[in-house]
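>
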Amino acid sequence: MKNFFITIGHSSLTIPQNLKNCINPSAILLELVEPGLIEVCKNMQAKKVIFDLHRAILDINRSRDNIDPKTNEKYPIERDIFPQIDFQGNDVYLKDSNLSDDEKEELLQKYYDPFFASIDNLISSGEYEFFIDIHLMNNHSSGYEMKNPRPDICIGTLGDPDGEICLNRPSTTIKPETAREMKLVFENNKYSCNLNRPFAGGYIMMKYLTKFPCIQLEINKKLLMDSDSGMPKLEKIKKLKEDLETIFEKIAKGS
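The sequence shown begins at 3 in our numbering and counts up one residue at a time.
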């Protein structure tokens with residue numbers, strides 16, 4: 003049995019009290035976050051590292067210096083570590099209410115740094131063989147992406163659609179054959195599943211690419227809610243929770 007832990011970075015709805023009046027009421031913030039994942043994973047035996055801040059305030063799946071390690075350039079405005087616009091192009095903050103540099107650093111020290119310190123501590127403990135970074139992906143592509151149909155599940159390993167190593171990267175986050183085995187487990191449980199499409203992995207995967215085995219697991223929002231900007235339904239949470247517990251157990255057993 004392989005021991006693993008779970009990270010959840012985009013599920014929190016927490017906005018600091020001092021920032022609530024700065025948010026643009028026209029911004030569609032629910033589309034940015036992935037509510038329901040904490041409830042889905044709540045009673046699972048796996049250890050969990052949860053980022054307790056709304057993604058509209060700080061995106062934990064970005065490098066601390068706001069430089070994309072895939073391009074070595076600053077993230078574009080729609081993917082900034084401190085989001086400036088939502089998926090539809092609306093400003094997140096009211097005019098003249100953007101975060102100051104001091105406010106950004108305070109948020110990084112209070113929320114960002116402890117999240118990654120927790121991951122590093124679990125890895126250093128020697129008790130785990132891999133971790134799963136769990137996300138929800140919108141069923142419908144956002145305005146700055148290609149409008150392609152999305153599967154129920156996407157397993158990201160920073161590889162190609164077959165799980166193999168990409169030419170521009172030193173490795174994948176797990177062995178290609180292991181990725182394909184995981185894909186088959188989901189398919190055998192009646193979920194459509196892609197490898198690395200539409201998401202191969204974000205900063206968290208890049209950070210641990212050559213350091214520790216991990217996967218980015220993207221779950222289609224349609225499995226939890228009725229719309230990309232909606233809230234999860236209790237009956238859908240229950241079904242997904244039961245299915246994931248079964249699937250994770252099979253993955254941990256290597257079957």
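Backbone N, C-alpha and C fix where the C-beta goes; we use that ideal spot for every residue, glycine too.
Can you say whether Q212 is buried or exposed, counting buried as having 16 or more other CB atoms within 10 angstroms of its CB?
Gln is not the amino acid found at residue 212; the sequence shown has Thr there. Exposed.
> Among K97, Q90, R66, which residue has its Cα nearest to the Cα of D1?
Nothing can be reported for residue 1: it is not among the residues displayed for the chain, which extend from 3 to 257.
> Mapping DSSP to helix, strand and coil, what is L226?
Correct three-state label for L226: coil.
> If you reduce the DSSP assignment to three classes, tell me which class N26 lands in.
DSSP places N26 in coil when its eight states are reduced to three.
> Leaving aside the five residues before and after F118 along the sequence, list all residues of the same chain whose C-beta is less than 8 angstroms from its C-beta, in chain order.
The residues are K209.
> Using the three-state DSSP reduction, which class does D93 fall into: helix, strand or coil?
Three-state result, D93: strand.
> Under DSSP, the beta strand (DSSP E) around C195 begins and ends at which residues?
First-last of the beta strand (DSSP E) with C195: 195-197.
> With H, G and I counted as helix, E and B as strand and the rest as coil, what does DSSP make of K50?
Here K50 sits in strand by DSSP.
> Using C-beta distances below 8 angstroms, list every residue in its chain close to L15, excluding the 5 sequence neighbours before and after it, in chain order.
Excluding sequence neighbours, L15 sits near V35, P37, H56.
> Which residue from P71, Q218, N222 puts its Cα closest to that of G11?
G11 has its Cα closest to that of Q218, out of P71, Q218, N222.
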